[in-house]
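Comments concern the structure below.
Residue numbers (our numbering), protein chains in the order written: chain A, 1 to 286; chain B, 1001 to 1339.
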């Protein structure tokens, strides 16, 4: 089966499709026919979506407690979520993969160091570490990105390191070394390509995790500046009015759910399509 | 057997020491990055520069960083956790009040999550290959895409507001007095003092937060158990059992499950950090007076003594849960029992 054929996995198509929709909406937000997410209309506060009783067709998904348009907020919130997801997942991937390649390939003290660091990180709830980092760095969206990178590089390092340890014993690696490849060239042109399917899978899952972490931190008020729309902030604001209308909480939860599910489906699909070990088993490991 | 467990626990303790030290160093370094001055924050408005200098000396803030770290470690080792800047109470008291609540929540969530996860894992295995199993598996993916604290909010909307079945704020109904503190655990104390009313109220208040916490665990346990049941089903002794004419349910419960449960047990160890992490925001959402609420309050107010201590308490909790899981693994794994 060709790679293209294998990538036509239903999970990849559905997951990738939803991610693409979100990305498109986020990128095109300024040109889409949306209200200004910051403009308030206090007369029209806490409206339910247009189809619900009491809804106003001018506000398709209703309004929040300050009369701001929920749909516009959701779309602009997707910009925040995807900004964090892409940057944080890329950073965690680069840091984690580099350390994993070095640790798994060379072994010795660097492997010991990376393994101990991973153990230390694992003995700690990730959210707690992220909170502490944000106390140290101060709140703000770029600090959230940095915090996620520092917390989540271990997810890449742990898995890829054990993969590299297996790969480095393969004959073709020895052959590359024997034919005069330097360590660096062997790592980059022989070991790295063999771990790519795994890296891609982890990258997709990590973007989902980053969306959740950003929502969590903006819910606590540590992520974005107050004028930047973010899903976590929307949930925190709407939580107070949960008795008047549950929509304010439901809609951003639904947005987080769809985007994270899409990243997870994409990751699962990539794993099933690209990992030769799983291809025969048919199941998706947790 | 007891000796093996003791040796394991001793070994775990030995390994835990450098880990806790590493975490304490990490926490210390990160918190030193903070731009604000903890001494300035502890002073009332209107304090003079001399007051500030005096307090800085008192708090040891004029010493080199390395000595500050060592002094802090010494304080921790001798049980001096300092005083909260925001609550103006000893950190040890705050932690002692919050810790039992968080433990109750984690244990309730674990019990709920593991029992439902295992039940669904067996259902998934029994229905393997069918449409229903695929739907259940897909539902598992969907459940996992929602973080625990959002499950908390959804449960509040459905079972707290729309159909007001269960309470969703605090630990007890307002007006109920907490029983005398015996163990510090509200539910245990209610049982010990025979206070049925408090126990009932505490259980009802626990239902939604524990469910929210369990939501993250159920799909994982379900999938891991299903996968290991599928592996075990290939084993010769299962075929033998089938040839002996045992019913499928008897094979599953008496023969397959016993061996297949091991990966599920180690999964709980791996998930320990995430379980405690999950309690953090769940406590905030349900106004549940545990470590997570304490931590978030401390973070919002840059209350360094509390942040440092609670962070280390979380680390110790995760290591303890890991050790407990290993002991459990040892006791139920027949292959390790004889060694």
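Glycine included, every Cβ here is placed at the ideal spot set by N, Cα and C.
Determine which residues share a DSSP beta bridge with residue i and list them.
i, result
"residue 1019(B)", "None, per the DSSP bridge assignment."
"residue 69(A)", "63(A)"
"residue 1083(B)", "1090(B)"
CB-CB under 6 Å to residue i, same chain, minus the five flanking residues each way: which ones, in chain order?
i, result
"residue 1136(B)", "1124"
"residue 283(A)", "With a pLDDT of only 42 at residue 283(A), under 50, the local geometry of the prediction cannot be trusted, and the value read off the model is given with reservation. Here the set comprises nothing."
"residue 1332(B)", "none"
"residue 121(A)", "154"
"residue 1060(B)", "1068 and 1071"
"residue 273(A)", "6, 7 and 9"
"residue 1328(B)", "1265"
Write down the C-beta distance between residue i and residue j rounded to the nearest angstrom, noting that I regard them as a contact closer than 8 Å.
i, j, result
"residue 1323(B)", "residue 1007(B)", "In fact, because the Cβ distance is near 12 Å, the residues do not count as touching under 8 Å."
"residue 61(A)", "residue 71(A)", "4 Å"
"residue 1288(B)", "residue 1171(B)", "6 Å"
"residue 252(A)", "residue 77(A)", "7 Å"
"residue 126(A)", "residue 1121(B)", "Not quite, the Cβ-Cβ distance comes to about 25 Å (not below 8 Å), so this is no contact."
"residue 223(A)", "residue 144(A)", "5 Å"
"residue 74(A)", "residue 255(A)", "5 Å"
"residue 1157(B)", "residue 242(A)", "6 Å"
"residue 1251(B)", "residue 1241(B)", "5 Å"
"residue 316(A)", "residue 37(A)", "Examination of residue 316(A) is not possible in this model, given that chain A is present from 1 through 286 alone."
"residue 1082(B)", "residue 128(A)", "The Cβ separation is near 19 Å, so there is no contact."
"residue 216(A)", "residue 1147(B)", "7 Å"
"residue 210(A)", "residue 141(A)", "Actually they do not touch by this definition, with Cβ atoms about 12 Å apart."
"residue 1184(B)", "residue 1096(B)", "7 Å"
"residue 1152(B)", "residue 1034(B)", "With a Cβ gap of about 30 Å, residue 1152(B) and residue 1034(B) do not count as contacting."
"residue 1326(B)", "residue 1269(B)", "7 Å"
"residue 1221(B)", "residue 1117(B)", "3 Å"
"residue 1342(B)", "residue 1027(B)", "Nothing about residue 1342(B) can be read from this structure; chain B reaches only from 1001 to 1339."
With a CB to CB cut of under 7 Å and the five nearest residues on each side skipped, what residues in its chain are close to residue i?
i, result
"residue 179(A)", "none"
"residue 280(A)", "Low per-residue confidence applies at residue 280(A): pLDDT is 46, beneath 50, and the placement is therefore not dependable, though the value from the model is reported in the following sentence. None."
"residue 79(A)", "26 and 29"
"residue 1279(B)", "1102, 1105, 1106, 1213, 1290 and 1292"
"residue 269(A)", "9, 11, 12 and 15"
"residue 110(A)", "102 and 103"
"residue 44(A)", "56, 59, 63 and 67"
"residue 186(A)", "173, 176 and 177"
For residue i, I'd like the list of residues in its chain whose CB is within less than 8 Å of its CB, leaving aside the five on either flank, ordered along the chain.
i, result
"residue 1031(B)", "1304, 1307 and 1308"
"residue 1193(B)", "1179, 1180 and 1182"
"residue 266(A)", "11, 12, 15, 16, 19 and 204"
"residue 1339(B)", "The pLDDT assigned to residue 1339(B) is 46, lower than 50, so where the model puts this residue is not dependable; a value taken from the coordinates is nonetheless given after this. Excluding positions up to five away in sequence, the list reads 1004."
"residue 212(A)", "256 and 260"
Between the region 158-167 of chain A and the region 95-110 of chain A, can you find at least three pairs of beta-carbon atoms closer than 8 Å? Verdict: yes, contact present.
Write down every uninterrupted run of the alpha helix (DSSP H) in the region 1232-1300 of chain B whose length is 4 residues or greater and which is fully enclosed by it, in chain order. With a minimum length of 4 residues, the continuous alpha helix (DSSP H) runs that stay inside the region 1232-1300 of chain B are 1236-1243, 1257-1285 and 1291-1300.
Any contact of the region 128-135 of chain A with the region 1298-1318 of chain B, i.e. 3+ C-beta pairs under 8 Å? With contact defined as three or more Cβ pairs closer than 8 Å, the region 128-135 of chain A and the region 1298-1318 of chain B are in contact.
Kindly confirm or deny that the region 1053-1071 of chain B and the region 1095-1106 of chain B touch, where touching means at least three C-beta pairs closer than 8 Å. Segment contact: the region 1053-1071 of chain B against the region 1095-1106 of chain B, fewer than three CB-CB distances shorter than 8 Å; contact not assigned.
Should the region 240-250 of chain A be called in touch with the region 170-177 of chain A, which here means at least 3 C-beta pairs below 8 Å? These segments do not touch.
Three or more C-beta pairs under 8 Å: does that hold for the region 1254-1271 of chain B against the region 1221-1235 of chain B? In short, these stretches touch, since the Cβ pair count reaches three.
Measuring CB atoms only, is the region 83-96 of chain A touching the region 201-218 of chain A, in the sense that at least three cross pairs come out at less than 8 Å? Yes: the two stretches touch, three or more of their Cβ pairs being nearer than 8 Å.
Segments of 4+ residues assigned as alpha helix (DSSP H) that fall wholly inside the region 1188-1238 of chain B: Within the region 1188-1238 of chain B, the complete alpha helix (DSSP H) segments of 4 residues or longer fall at 1196-1233, listed in chain order.
Scan the region 95-133 of chain A and note each continuous alpha helix (DSSP H) run of 4 residues or more that stays entirely inside, going in chain order. The qualifying runs are 108-122.
Determine, using beta-carbon pairs with one atom in the region 228-238 of chain A and one in the region 1105-1118 of chain B, whether at least three such pairs fall under 8 Å. No, the region 228-238 of chain A does not touch the region 1105-1118 of chain B.
Examine the Cβ distances between the region 1067-1074 of chain B and the region 1177-1192 of chain B and report whether three or more of them are shorter than 8 Å. Too few Cβ pairs lie closer than 8 Å, so no.
Under 8 Å: do the region 1208-1227 of chain B and the region 1127-1144 of chain B share three or more Cβ pairs, one atom per stretch? The region 1208-1227 of chain B, when compared against the region 1127-1144 of chain B, does touch it at the 8 Å Cβ threshold.
Evaluate the contact criterion for the region 149-161 of chain A versus the region 112-127 of chain A: three or more CB pairs, one atom per stretch, below 8 Å. The answer is yes - the region 112-127 of chain A touches the region 149-161 of chain A, with three or more Cβ pairs under 8 Å.
Can we say the region 1-16 of chain A touches the region 42-57 of chain A, given the rule of at least three CB pairs closer than 8 Å? Segments in contact, no.
Along the chain, which unbroken stretches of the alpha helix (DSSP H) at least 4 residues long are found entirely within the region 134-218 of chain A? Segments of the alpha helix (DSSP H) lying fully in the region 134-218 of chain A: 141-167, 171-178 and 183-186.
Answer yes if the region 1265-1280 of chain B comes into contact with the region 1054-1069 of chain B, meaning at least three C-beta pairs across the two stretches below 8 Å, and no otherwise. Counting Cβ pairs under 8 Å, fewer than three are found: no touch.
Suppose only complete runs of 4+ residues qualify. What are the alpha helix (DSSP H) ranges in the region 1041-1073 of chain B, listed by chain order? Runs found: 1049-1058.
Of all the beta strand (DSSP E) runs that stay within the bounds of the region 1119-1149 of chain B, which reach a length of 3 or more residues? Taken in chain order, the complete beta strand (DSSP E) segments of 3 or more residues contained in the region 1119-1149 of chain B number zero; there are none.
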